[in-house]
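Below: the structure, in structure tokens.
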Amino acid sequence: MLDISPGVAPPQPVRLADYQPPAYLIDTVDLVFELGTEDTRVKSRLGIRRNPAVAERGAALHLDGEALELVSLALDGEPLGANRYQLPPEGGLTLADVPDAFTLDVETR
100 MLDISPGVAP
110 PQPVRLADYQ
120 PPAYLIDTVD
130 LVFELGTEDT
140 RVKSRLGIRR
150 NPAVAERGAA
160 LHLDGEALEL
170 VSLALDGEPL
180 GANRYQLPPE
190 GGLTLADVPD
200 AFTLDVETR
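Offset between the sequence shown (1-based) and the numbering used here: plus 99.
Next up, the structure:
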């Protein structure tokens, strides 16, 4: 039996006909967890590139995440100002106008 907590929507099926390949591929992931008494910080370094199998070149990069506070964000070592990314209300992080291959450093708590 599937246990569903109150207020949590049941999972929705994903049909093969609805599948679309991702616009970006993540080749490397480096993670550092700093466990504190008040909070936990997660530092990630992602090696990302456009998926050559996807024709759409202008797609934004969206990374999922819930209940996270963004501490810092850098693209190829350059810090990004708030005008370079979006934090949608449903969660996650969206970046537009990224190069074909890049390193993304994200720190959250």
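The beta-carbon is built from N, C-alpha and C at its ideal position, and this holds for glycine as well.
In the same chain as T127, and ignoring 5 residues on each side of it, the C-beta atoms closer than 6 Å to its own belong to G146, in chain order. Contact annotation: R149 and Y123 have beta-carbon atoms nearer than 8 Å. With 16 or more other Cβ atoms from the protein chains shown falling within 10 Å of its own Cβ, V205 counts as buried. In its chain, beyond the 5 residues on either side, S143 have a beta carbon closer than 6 Å to the beta carbon of L130. Burial is judged here by how many other beta carbons sit within 10 angstroms of a residue's own beta carbon; L115 has fewer than 16 and is exposed. Bounds of the beta strand (DSSP E) holding V128 are 123-134. A check of alpha carbon separations from L160 across Y118, P198, G135 identifies P198 as the nearest.
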